[in-house]
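Here the structure is laid out as structure tokens; the discussion comes afterwards.
2 protein chains.
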Amino acid sequence: MSGDFHGVESSLKKHLPESDFEEVRRILYGKPCEELEVSECAKKLAETGDFDVKIFKMDQGKSECLRRDRNVRVAVIQNAVTTSTSEPIDVQRDALHTRITEIMEVASETGVNVVCFQEAWTMPFAFCTREKHPWCEFAESAETGATTKLCKELAKKHNCVIVSPILERDENDGDTLWNTAVVIGNHGNYVGKSRKNHIPRVGDFNESTYYMEGEDGHPVFDTEFGKIAINICYGRHHPLNWMGYALNGAEIIFNPSATVGALSEPMWGIEGRNAAIANSVFTANINRIGTEHFPNEFTSASGGKAHTDFGHFYGSSYIASPDASRTPGLSRNKDGILVAEVNLNLCRQIRDSWCLRMTARLPVYRDLLIEASKPGFKKQMVKDNGEDQF
Amino acid sequence: MSGDFHGVESSLKKHLPESDFEEVRRILYGKPCEELEVSECAKKLAETGDFDVKIFKMDQGKSECLRRDRNVRVAVIQNAVTTSTSEPIDVQRDALHTRITEIMEVASETGVNVVCFQEAWTMPFAFCTREKHPWCEFAESAETGATTKLCKELAKKHNCVIVSPILERDENDGDTLWNTAVVIGNHGNYVGKSRKNHIPRVGDFNESTYYMEGEDGHPVFDTEFGKIAINICYGRHHPLNWMGYALNGAEIIFNPSATVGALSEPMWGIEGRNAAIANSVFTANINRIGTEHFPNEFTSASGGKAHTDFGHFYGSSYIASPDASRTPGLSRNKDGILVAEVNLNLCRQIRDSWCLRMTARLPVYRDLLIEASKPGFKKQMVKDNGEDQF
Chain A
1 MSGDFHGVES SLKKHLPESD FEEVRRILYG KPCEELEVSE CAKKLAETGD
51 FDVKIFKMDQ GKSECLRRDR NVRVAVIQNA VTTSTSEPID VQRDALHTRI
101 TEIMEVASET GVNVVCFQEA WTMPFAFCTR EKHPWCEFAE SAETGATTKL
151 CKELAKKHNC VIVSPILERD ENDGDTLWNT AVVIGNHGNY VGKSRKNHIP
201 RVGDFNESTY YMEGEDGHPV FDTEFGKIAI NICYGRHHPL NWMGYALNGA
251 EIIFNPSATV GALSEPMWGI EGRNAAIANS VFTANINRIG TEHFPNEFTS
301 ASGGKAHTDF GHFYGSSYIA SPDASRTPGL SRNKDGILVA EVNLNLCRQI
351 RDSWCLRMTA RLPVYRDLLI EASKPGFKKQ MVKDNGEDQF
Chain B
1 MSGDFHGVES SLKKHLPESD FEEVRRILYG KPCEELEVSE CAKKLAETGD
51 FDVKIFKMDQ GKSECLRRDR NVRVAVIQNA VTTSTSEPID VQRDALHTRI
101 TEIMEVASET GVNVVCFQEA WTMPFAFCTR EKHPWCEFAE SAETGATTKL
151 CKELAKKHNC VIVSPILERD ENDGDTLWNT AVVIGNHGNY VGKSRKNHIP
201 RVGDFNESTY YMEGEDGHPV FDTEFGKIAI NICYGRHHPL NWMGYALNGA
251 EIIFNPSATV GALSEPMWGI EGRNAAIANS VFTANINRIG TEHFPNEFTS
301 ASGGKAHTDF GHFYGSSYIA SPDASRTPGL SRNKDGILVA EVNLNLCRQI
351 RDSWCLRMTA RLPVYRDLLI EASKPGFKKQ MVKDNGEDQF
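Going line by line, the protein sequences match chains A and B. Residues in the first sequence are numbered consecutively from 1, following the numbering used here. Residues in the second sequence are numbered consecutively from 1, following the numbering used here.
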């Protein structure tokens, strides 16, 4: 990969002639997003912190007579780990706390109302190692842990809802570990948590070694700035998981992730957008940045040699609209915050226009899943026997 | 739109520098497809007929010890209507029969095993008009109609499974109309039919005026060249519809469509691929070509003036693999046939690697749909009251 290559959109913009660019952009990205000016103050802070800041205004839909526009600034933050994975756990975690605190200053400058950090944001994505020690030490209480305390301060200070995906330790439940997103209200209050429903067993994603599938359903959080839900990482490959949050009333579904290039990059631009289209919701898709090296060798069950890194986390975080448009992505190589101004009324407007919920025929699929969940499920299959089958 | 613009891929190929092209292509399209040589004979026939012919070899996965490779050539055909919509119904239909017969000669030359035509291929997409006469006359028996007779001849002659999406009239069932795909085996035999499950009410797609939702479930047809199913047009917006066919064992799901640029073009590259990824199947996505004008004015419920055309059907037919790669699309403006050589064993290999079926947790969604299908369904929603909610 060329060091000059920061992402699809910047390459298209640089190289395509204007008329082609507009057609390619329209087909690949839908209605245009207006890029808004970043304040001098925010720019300066971001430069100092060496991260990108981008603000887009997505199509706002129509103004309605009976409902006021519900304009919300939704943000996603992507970042690399900031210290060596050999440092003590608290040093690693505190450095990430500092990093996010710094980026949140810019979030505040840009008027963000709801922000989501990346999956397991307080730690390197150490699940590739299959080692329990020391990585399990990153797990903390969703309600009272150090990270939740920090997020409560940040949320209150910046009057902003924060979604904070962490490795959770539930002391009340036999010290169980979970992969959990904590939701903090804009008054600095703990609103609730949502656990990862689908756990990967693919490549270096040995997460089933560390925690189990969430059993808390598909909770939606009705905040001051919209009804939000969190589909964590691998759940994005499961259309029914997105559907679950949408059926419960979500308007914005966050997908905090950690995923690497060789495995998933061609899927990244597909799944979050498909979910936005199919469910008439906004989706906000976040991936971490960089290559993480670990102290001890591990293998990847790929026939390759033992090694100490997980591959490149390609960032490229973006926000998708129910109208099938999306923002450009953040860089593949650099920390950043992406802010989208959206009108949440668009969800219902698209629902009225496309009727995807009305035509969903849920009872058909209820009945199918009742059958398909039974042992010995008999498929509806017609064997071609080479003769007319009237 | 520039007249020079034939589609995203040709524009990228023309304008991006080689290193950027390879990265953009990889991120947008996944593993590369090898473009195979078209025989001189096929080329000549296609030139005479003024349509494109493209053959791609998609990544073939791994060879297995216990199963032979199952290499199949899957094809999609896109075309414009060939006569004025003012001609008598039989003239219009017969002209399309002739056109497809011509294109099938090339299909045969390229060694096609399974081919699908576009939605309601024997007629213009007249549902925009809301007129019943004369368009209902296009409806014919799935089992014994003129179109099925033709397809049986073509299937036998070319030793090829044919999926033929038509407007069906079911005389046995009160002269009911349906939007139906007929499956003809490679021995020229009638195998079965599959009816459209989700009917649009959006823009000019007034299809609910003409026919109802299919009640025959999600049938899969186990043919000599793979287990195939058909998700007709608007069904592609419904992830559960794709899932239904996959649960019943489909390896290739066709999506014969008729859709126009202003409405759906940014979704076109998303939905078929998401379905391939989420279900570990191949999907083959077909859209018609050109602008169809109708004798009488109609309105589009968009605040605009009455008019006589449906907008541009943008073609761009393509095939997507369970490994998240896809072929380039056919042109936005020209008839064509696209052939992909695939190894059907890839479906299970991807299932083994990604475990999306194993991690699907169907009983969770069974239970959710049981609740969500009840009147008065109570959403799982947490209200942020501004205070800690432990």
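Just so it is clear, CB atoms sit at the ideal spot from N, CA and C, and this is done for glycine as well.
Would you say residue i reaches chain A, if we count a Cβ-Cβ gap shorter than 9 Å as a contact?
{"i": "D222(B)", "result": "yes"}
{"i": "P256(B)", "result": "no"}
{"i": "D20(B)", "result": "yes"}
{"i": "I100(B)", "result": "no"}
{"i": "A360(B)", "result": "yes"}
{"i": "F377(B)", "result": "yes"}
{"i": "Q349(B)", "result": "no"}
{"i": "G244(B)", "result": "yes"}
{"i": "P328(B)", "result": "no"}
For residue i and chain B, any beta-carbon pair shorter than 9 Å?
{"i": "K383(A)", "result": "yes"}
{"i": "W268(A)", "result": "yes"}
{"i": "W178(A)", "result": "no"}
{"i": "A340(A)", "result": "no"}
{"i": "M1(A)", "result": "Note that M1(A) scores 42 on pLDDT, short of 50, meaning its location in the model is unreliable and no value can be drawn from it."}
{"i": "H158(A)", "result": "no"}
{"i": "A126(A)", "result": "no"}
Quick one: residues in its chain with C-beta nearer than 8 Å to the C-beta of residue i, no 5 flanking neighbours on either side, listed in chain order?
{"i": "S302(A)", "result": "G203"}
{"i": "C41(A)", "result": "E109"}
{"i": "P295(A)", "result": "T85, S86 and T308"}
{"i": "R70(A)", "result": "G226, N343, L344 and N345"}
{"i": "G185(A)", "result": "A155, V161, V191, T223 and E224"}
In its own chain, which residues sit with a C-beta less than 7 Å from the C-beta of residue i, not counting the 5 before and 5 after it?
{"i": "K62(A)", "result": "Q349"}
{"i": "F138(B)", "result": "I89, R93, T122, M123 and L167"}
{"i": "F21(B)", "result": "L12 and K13"}
Thinking just about the alpha-carbon of each residue, which of the options is nearest to the one in residue i?
{"i": "C347(A)", "options": "V281(A), V72(A) and S164(A)", "result": "V281(A)"}
{"i": "L398(B)", "options": "V106(A), P32(A), K379(A) and E35(A)", "result": "There is simply no residue 398(B) to check, as chain B begins at 1 and stops at 390 in what is shown."}
{"i": "F127(B)", "options": "Y211(B), Q92(B) and E153(B)", "result": "Y211(B)"}
{"i": "E143(A)", "options": "K152(A), T259(A) and M243(A)", "result": "K152(A)"}
{"i": "S257(A)", "options": "V163(A), N296(A) and T209(A)", "result": "V163(A)"}
{"i": "F205(B)", "options": "Y245(B), S264(B), L66(B) and R67(B)", "result": "S264(B)"}
{"i": "R26(B)", "options": "L28(A), A262(A) and T98(A)", "result": "A262(A)"}
{"i": "T176(B)", "options": "M381(B), C33(B) and E213(B)", "result": "E213(B)"}
{"i": "V382(A)", "options": "F310(B), R99(B), D216(B) and T98(B)", "result": "D216(B)"}
Could you work out which residues of chain B lie near residue i, taking near to mean beta carbons separated by less than 8 Å?
{"i": "Q389(A)", "result": "N189, Y190, V191 and G192"}
{"i": "I370(A)", "result": "R366 and I370"}
I need the straight-line Cα distance from residue i to residue j, nearest angstrom please.
{"i": "A360(A)", "j": "K43(A)", "result": "45 Å"}
{"i": "P124(A)", "j": "H198(A)", "result": "20 Å"}
{"i": "E105(A)", "j": "R351(B)", "result": "44 Å"}
{"i": "S316(B)", "j": "N287(B)", "result": "7 Å"}
{"i": "P200(A)", "j": "E387(A)", "result": "44 Å"}
{"i": "L16(B)", "j": "V81(A)", "result": "33 Å"}
{"i": "F254(A)", "j": "I270(A)", "result": "15 Å"}
{"i": "G336(A)", "j": "L240(B)", "result": "35 Å"}
{"i": "Y190(B)", "j": "F117(A)", "result": "55 Å"}
{"i": "F298(B)", "j": "A278(A)", "result": "29 Å"}
{"i": "Y318(A)", "j": "H6(A)", "result": "14 Å"}
{"i": "P266(A)", "j": "K132(A)", "result": "31 Å"}
{"i": "A120(B)", "j": "R273(B)", "result": "23 Å"}
{"i": "V91(A)", "j": "F221(A)", "result": "32 Å"}
{"i": "S141(A)", "j": "A75(B)", "result": "54 Å"}
{"i": "A276(A)", "j": "S321(B)", "result": "22 Å"}
{"i": "A95(A)", "j": "I289(B)", "result": "56 Å"}
{"i": "G249(B)", "j": "L150(A)", "result": "49 Å"}
{"i": "G49(A)", "j": "K305(A)", "result": "36 Å"}
Among the residues of its own chain, which have a CB less than 6 Å from the CB of residue i, if the five just before and after it don't count?
{"i": "G54(B)", "result": "A small correction: the amino acid at residue 54(B) is Lys; Gly does not occupy that position in the sequence shown. So the list reads L338, once near-sequence residues are dropped."}
{"i": "K157(A)", "result": "none"}
{"i": "S194(A)", "result": "A181, P219 and I230"}
{"i": "R73(B)", "result": "G111, V112, N113, V339 and E341"}
Between residue i and chain D, is the shortest Cβ-Cβ distance under 9 Å, so that the two count as touching?
{"i": "K31(B)", "result": "Protein chains in the displayed structure are A and B, and chain D is not among them."}
Run through chain B and tell me which residues come within less than 7 Å of residue i, C-beta to C-beta.
{"i": "R273(A)", "result": "I270"}
{"i": "I27(A)", "result": "V8, E265 and P266"}
{"i": "N248(A)", "result": "K379, Q380 and M381"}
Can you pull the chain A neighbours of residue i, defined as C-beta to C-beta under 9 Å?
{"i": "F5(B)", "result": "S19, D20, E23 and V24"}
Just the chain B side, please: which residues come within less than 9 Å of residue i by C-beta, in chain order?
{"i": "I103(A)", "result": "Here the premise fails: no neighbours, minimum Cβ distance about 23 Å."}
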